[in-house]
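Contents: one structure, followed by commentary.
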């Protein structure tokens, strides 16, 4: 249910909440809300809304942030992806403090586009924790107060007499877990955003905690995009040009089409792909495809010099103090560094399943919204008919801001 119009005080309003109950074995309460953005961030979004990239996101409906499960645990659906930077652990600490649950009761998962609140600006720029710092606390605190209000009615007590620890409300010799409150509740009262905790009240923020994603990584759990599987799935491999910017002209796939395990060779304007019964068969067939590319001209040294020239070609003064530049002894130095390689450990991989007017994409990506938009446009589907399920990233560093392989896999599917 939703209530009231949006207030203009910068807080999470009552209208920005979505409450769902009766989730059966999955959980007993789900709470969602928009991501609120500061004025500068909103200005950026207004600007980028008119550009193909970066995608500004779809905020037409509030989406799920928290699930309260039957065993009194909290699942946070993170709009930011975890690529080794420790974001999930930090977000769990922030939410646990305002929810008044233990750190061990928190679980963090990637938000899929079908259910989660996907931040249109995606993951990058070291902004995940700082960007979610206030809205996540407000959403968590509001959920906590919703449960306390309902508990007060069920227990016949005043909220002011309550104490809360580890997701259990106690007062006057009585106690009840969050999950029990939610099971008995029908209509929820959504309060105005409560005051947030002060620094002195933090139990988890600012303190060291073990990484919540560490165990799966140490034991090699199938948590990355390359690990995704579906029953009876086929495998694909794509032929790409050796030069960035090269255009497809023609291809001879006659030999590849007759190789063992090959189901089909797909030829499009921007790629040539093989669909086979195994990855090995797909990769082997790919090597037999002869593709003619129209490539850009090779870069010459003068081209490289031009690319590395700053601004108008003159030096840039960072700081000016005293008469240093007017003295006779002026030392001039020029420094150059090689290009930085975004060498993530996990190769780019994606699983695509297209059935009718619906598509599911499982992928390690930094741009969940952009991936959905590009797949939807290529297949001619509505964006909300494309469910992008992000996974852990085996490194990102900006390389996974570009995911054409999602489109390739969707077309081949």
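In the working numbering, the protein residues as written are 15 to 427. A virtual CB, placed ideally from N, CA and C, is assigned to each residue, including glycine. None of these values were measured; they are calculated from a predicted model.
- In terms of CA proximity to residue 166, 203 leads the group 136, 149, 288, 203.
- Residue pairing by DSSP places residue 368 opposite 373 in a beta bridge.
- DSSP, reduced to helix, strand and coil, places residue 216 outside both helices and strands of the structure shown, so it counts as coil.
- A residue is called buried when at least 16 other Cβ atoms come within 10 angstroms of its Cβ; residue 272 does not meet this threshold and is exposed.
- For the alpha helix (DSSP H) assignment, the uninterrupted runs of no fewer than 4 residues enclosed by the stretch 121-203 are, from N- to C-terminal side, 142-169, 192-198.
- DSSP places residue 321 in the uninterrupted alpha helix (DSSP H) bounded by 315-321.
- The residue from 93, 170, 392 with its alpha-carbon nearest to that of residue 149 is 93.
- Taking residue 151 as the centre and dropping the five residues before and after it, the same chain places the C-beta of 108, 112, 210 closer than 7 Å to its C-beta, in chain order.
- With contacts defined by Cβ atoms closer than 9 Å, residue 164 and residue 196 form a contacting pair.
- Looking at the backbone, the Cα of residue 85 and that of residue 194 are separated by about 9 Å.
- Its Cα nearest to that of residue 427, the residue 365 stands out among 365, 414, 388, 183.
- Under the three-state reduction of DSSP, residue 89 is assigned to strand.
- A distance below 8 Å between beta-carbons, with the five flanking residues on each side excluded, links residue 423 to the following residues of its chain, in chain order: 250, 364, 365, 366, 375.
- Excluding sequence positions up to five before and after residue 402, its CB lies within less than 7 Å of the CB of 126, 127, 375, 377, 382, 385, 386, all in the same chain and listed in chain order.
- The Cβ atoms of residue 95 and residue 380 sit closer than 9 Å to each other.
- The C-beta of residue 356 has fewer than 16 other C-beta atoms within 10 Å across all chains shown, which makes the residue exposed.
- The residues 373, 386, 389, 390, in chain order, have a CB closer than 6 Å to that of residue 400 in the same chain once the five nearest residues on each side in sequence are set aside.
- For the pair residue 255 and residue 289, the CB atoms are not nearer than the 9 Å cut-off.
- Under the three-state reduction of DSSP, residue 378 is assigned to coil, being neither helix nor strand.
- Residue 300 holds the alpha-carbon nearest to the alpha-carbon of residue 253 among 351, 300, 110.
- DSSP places residue 264 inside the beta strand (DSSP E), whose first and last residues are 261-266.
- Nearest to residue 331 by alpha-carbon distance, out of 321, 318, 346, is 346.
- In this structure, residue 360 and residue 409 form a Cβ contact; the two beta carbons are roughly 6 Å apart against a cut-off of 8 Å.
- Membership of residue 82 in the beta strand (DSSP E) is indicated by the continuous run 78-82.
- Looking at the DSSP output, residue 404 shares a beta bridge with 377.
- Remark: C-beta atoms of residue 97 and residue 141 do not approach each other more closely than 9 Å.
- Within the same chain, and ignoring the five residues on either side of residue 185 in sequence, the residues whose Cβ sits closer than 6 Å to its Cβ are 171, 175, 176.
- Put simply, of 100, 308, 120 the residue whose alpha carbon is nearest the alpha carbon of residue 90 is 120.
- Boundaries around residue 251 are those of the beta strand (DSSP E), 249-253, since no alpha helix (DSSP H) includes it.
- By the Cβ test, the stretch 404-419 is in contact with the stretch 231-241, since at least three Cβ pairs between them sit closer than 8 Å.
- Per DSSP, residue 286 is one residue of the beta strand (DSSP E) stretching across 286-290.
- Between residue 131 and residue 78, the CB-CB gap stays under 9 Å.
- In the three-state scheme derived from DSSP, where H, G and I count as helix and E and B as strand, residue 277 is classed as strand.
- For residue 371, same chain residues with a beta-carbon under 8 Å away, outside a window of 5 residues either side, are 395, 396, 399 in chain order.
- Residue 162 counts as buried, since at least 16 other C-beta atoms from the protein chains shown sit within 10 angstroms of its C-beta.
- For residue 160, the closest C-alpha among the options 222, 80, 220 is that of 80.
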